[in-house]
Amino acid sequence: MAKSTQHWSKIGETGSIIGMKILLSCYQLFGRNVFRLVLLPVIGYYFLSNKRARHASQDYLKKAKPLCPKQPKELTSFRHFWTFGELLLDKFLVWMGHIQPQDVAFHNQATMQHMEQRQKGGIIVVSHLGNTEICSALAHQMPNVKVTMLVYTQHAEKFNRMLKQANASANIRMMQVTDMSPATAMTLSERIEEGEFIVIAGDRTPVQSNARTTVVPFLQQPAPFPQGAFILANLLKCPVYLMFCLKQEAKYHIYIELFAEQLTAPRKARDQLLNNAVYDYAKRLEHYCLMQPLQWFNFYDFWHIEPLNSHTKLHKKGH
115 MAKSTQHWSK IGETGSIIGM KILLSCYQLF GRNVFRLVLL PVIGYYFLSN
165 KRARHASQDY LKKAKPLCPK QPKELTSFRH FWTFGELLLD KFLVWMGHIQ
215 PQDVAFHNQA TMQHMEQRQK GGIIVVSHLG NTEICSALAH QMPNVKVTML
265 VYTQHAEKFN RMLKQANASA NIRMMQVTDM SPATAMTLSE RIEEGEFIVI
315 AGDRTPVQSN ARTTVVPFLQ QPAPFPQGAF ILANLLKCPV YLMFCLKQEA
365 KYHIYIELFA EQLTAPRKAR DQLLNNAVYD YAKRLEHYCL MQPLQWFNFY
415 DFWHIEPLNS HTKLHKKGH
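According to my numbering, the sequence shown is numbered sequentially starting from 115.
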C-alpha cells in the first residue's frame, strides 16, 4: 500500500470531464470494441502515473488472493484498473437507458416484494463494489419505488454533470451531502415516510474527522468502516437493506437482502448495536467482494486507521 495516509475525500478526481466525454463519444459512434481500443492507453497511463492508486490496488488484491483460490492469476492490478474502466462505461449506459431488463438478473425476489408492499421506505446500504448506478433498475422493476442516492459533493460533481448530459430525465434523485445535519435528517425522514428509499454507501470512512467509525475484520485485516448509515437507520427507525450489484458473464446480478427491520436498542446498548451492524455489513461486503474481487473500486489506503480515532479497537461480534 502507498505510504501516504491521505483521506480518500482529499484525493482529487482522476481524469477530466473532457476525457470521459471522449470515451463516451467513442462508444456512441463506434461501439464497444473501439471504446476498448481507446480505453487501453487511457487505463495504461492512469495505471503507470497514479502510484497511490496502483499500490492501493496491489495491496487490496494481495489480501484477496488467498481467499480466492480459484482465480489467483486473474487478480492483477492492471486487470483491476481495466475492470474499473469498463464498468465506468456501464454506469453511463445505465443512465442513458441502454441497459435492458434482460441485462439484469434480480435475486432475492421475496425481499423485493417486501420492499414494494410496504407503505414506508427505508435505507439501502450499497458499496463501491460493482455498479451502484444499476440500482436505478429498481425503478423499472418496481415502478412504485422511489430512490434517492446520497453522494459526496466534491467527487460527484463531474460525474453528475456527465449523467445529466447523458440522460436529463433519469428516474432517480441524488442528494449531495458532506455531513448529516438535522435538516438533512428531517428531509430524509419525510422521504422515507412517503415510501422512498435512501441509498448510502457503507464502505467509505466519513468526510468529517469527528464522525464515528468502527474497526472490524475485512479480508482478515482490521479496517475502519463508517457507522453513518446505521446511525441514520437507528435515528429514523426504518428498515435497512443491503444491495450488491455484480457483473457476471456479461449480465448484472442484483442481490438485495433485508439487513434489519429496525436497528433499535436501549441507549446504553446503542454503541454495541452500531458496532455489531458495521461488523455484519463488512462480512456481507466481503462475501460479495470475493465473488468478483476485481469489481471493488476503492483505490486508496482502505485499511489505514487514524491513530487518534477513538474507535481504533478491533470490534468482534458480541464484544
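Ideal Cβ positions, reconstructed from N, Cα and C, are used throughout, including at glycine.
Check                                                                                                                                               : Outcome
Alpha carbon to alpha carbon, how far is Ala383 from His269? Give it in angstroms, no decimals.                                                     : Its pLDDT being 49, under 50, His269 is placed unreliably by the model, and nothing is read from it.
According to DSSP, which residues form a beta bridge with Lys361?                                                                                   : Tyr366
Suppose contacts are defined by Cβ-Cβ distances below 9 Å. Is Cys403 in contact with Ala178 by that definition?                                     : yes
Using beta-carbon positions only, say whether Ala391 and Phe344 come within less than 9 Å of one another.                                           : yes
By Cβ distance below 6 Å, which residues in the same chain neighbour Asp204 in space, the five residues on each side in sequence not counted?       : Asn245
Please report how far the alpha carbon of Glu188 lies from the alpha carbon of Val156, in whole angstroms.                                          : 21 Å
Can you have a look at Pro380 and say buried or exposed, based on whether 16 or more other CB atoms are within 10 angstroms of its CB?              : exposed
Compute the Euclidean distance between the alpha carbons of Lys365 and Arg146, then round it to the nearest angstrom.                               : 15 Å
My output table needs one value for Val330: the three-state DSSP class, helix, strand or coil.                                                      : strand
Is it true that the CB of Lys234 sits closer than 9 Å to the CB of Cys81?                                                                           : As shown, the chain starts at 115 and ends at 433. That puts residue 81 outside it, with no answer to give.
With a threshold of 8 Å, are at least 3 pairs of Cβ atoms found where one atom belongs to the stretch 304–313 and the other to the stretch 370–378? : no
Just verifying my parser: in three-state terms, what is the DSSP assignment at Gln409?                                                              : helix
Thinking Ile248 and Val218 are a contact (beta carbons under 8 Å), I'd like their distance in whole angstroms, please.                              : 7 Å
For my contact list, Tyr395 and His429 are in at a C-beta cut-off of 8 Å; report their separation, rounded to the angstrom.                         : That belief does not hold up - the Cβ atoms of Tyr395 and His429 are roughly 12 Å apart, past 8 Å.
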